[in-house]
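Here's the structure we're looking at; comments come further down.
Chains as they are written, first to last, in our numbering: chain A, 1 to 116; chain B, 1001 to 1114.
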């Protein structure tokens, strides 16, 4: 069965520290899609990135980077030089090609607190 | 360019009452999803529309829940005979193009059942 696990419930760092949020997924599909969303205190989920299962190339966008490793079924998210504005709950999610709705299966989220 | 909007943002009701939420997706987005999020958890899928057709419903969607998307535009989610366990944030999302494209979420409707 499909599943997304975010083992870190809460992480607290001091501003300018680097932080990595872990995501481990389970799926039987060979083609699937992985996502990261940010949920700030305002509550609205904000899309950050989508990665296809056949593209293991890591991606960097400004201070954000993502490490996708099929061998360990992980899709980790690193924030470099964290800022107070990065404080939010971050969700990893999975959708599968075998699911006609392509619904998102979310992990339970990691709450990141960046202290000044 | 407007995003997904949801109304109302907050709803407080007494147990046993009916409530209805509305979602307006991004214009021309043909796929629309409803999710439910409880405190400390990730969103859970409730139902999916492609245009006006409701194509999938989660087992979470009991017979007290009904959703519609007339004319493939806005959508409504109704909960009849609310129970305290229905208290949650109800999120709507829409997407366009390839089915695996990112879903854009609205701000949600927070339901509190007393």
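Beta carbons are placed, not taken as given, at the ideal position from N, Cα and C, and that holds for glycine.
Let me check you understand the geometry: is the CB of residue i closer than 7 Å to at least one non-hydrogen atom of the ligand GTP?
i, result
"residue 26/A", "This structure does not include the ligand GTP; it has no bound ligands of any sort."
So what's residue i in DSSP terms, helix, strand or just coil?
i, result
"residue 1027/B", "coil"
"residue 1014/B", "coil"
"residue 61/A", "strand"
"residue 39/A", "strand"
"residue 71/A", "helix"
"residue 1004/B", "coil"
"residue 1041/B", "coil"
"residue 1071/B", "helix"
"residue 1103/B", "coil"
"residue 6/A", "coil"
Tell me which residues share the same chain as residue i and place their Cβ nearer than 8 Å to its Cβ, disregarding the 5 neighbours each side in the sequence.
i, result
"residue 1101/B", "1095"
"residue 1013/B", "1019, 1082, 1111, 1112, 1113, 1114"
"residue 1027/B", "1002"
Tell me which residues share the same chain as residue i and place their Cβ nearer than 6 Å to its Cβ, disregarding the 5 neighbours each side in the sequence.
i, result
"residue 116/A", "15, 84"
"residue 18/A", "80"
"residue 1016/B", "1081"
Mind listing the chain A neighbours of residue i? Cutoff is C-beta to C-beta under 7 Å, in chain order.
i, result
"residue 1042/B", "91, 106, 107, 108, 109"
"residue 1102/B", "35, 47, 50"
"residue 1099/B", "102"
Tell me which residues share the same chain as residue i and place their Cβ nearer than 7 Å to its Cβ, disregarding the 5 neighbours each side in the sequence.
i, result
"residue 27/A", "2, 94, 96"
"residue 1050/B", "1030, 1031"
"residue 1068/B", "1075, 1076"
On the criterion of 16 or more Cβ atoms from any shown chain inside 10 Å, does residue i qualify as buried, or is it exposed?
i, result
"residue 60/A", "exposed"
"residue 1043/B", "buried"
"residue 1093/B", "buried"
"residue 1063/B", "exposed"
For residue i, go through chain A and note every residue whose CB falls closer than 8 Å to its CB, in chain order.
i, result
"residue 964/B", "Because chain B is modelled from 1001 through 1114, residue 964/B falls outside the range shown and cannot be assessed."
"residue 1108/B", "43, 44"
Which bits of chain A does residue i rub up against, with CB to CB less than 9 Å?
i, result
"residue 1056/B", "99, 100, 101, 103"
"residue 1065/B", "What residue 1065/B touches in chain A: nothing, since even the nearest Cβ is about 16 Å away."
Return the residues of the region 79 to 112 of chain A that lie within a Cβ-Cβ distance of less than 8 Å from chain B, sorted by chain order. 91, 93, 95, 97, 100, 101, 102, 103, 104, 105, 106, 107, 108, 109
Using a Cβ-Cβ cut-off of less than 7 Å, list which residues of the region 36 to 66 of chain A approach chain B; keep chain order. Taken in chain order, the members of the region 36 to 66 of chain A whose beta-carbon sits within less than 7 Å of a beta-carbon on chain B are 43, 44, 45, 47, 50.
Closer than 9 Å, Cβ to Cβ, to anything on chain A: give me those residues from the region 1068 to 1093 of chain B, in chain order. 1089, 1091, 1093
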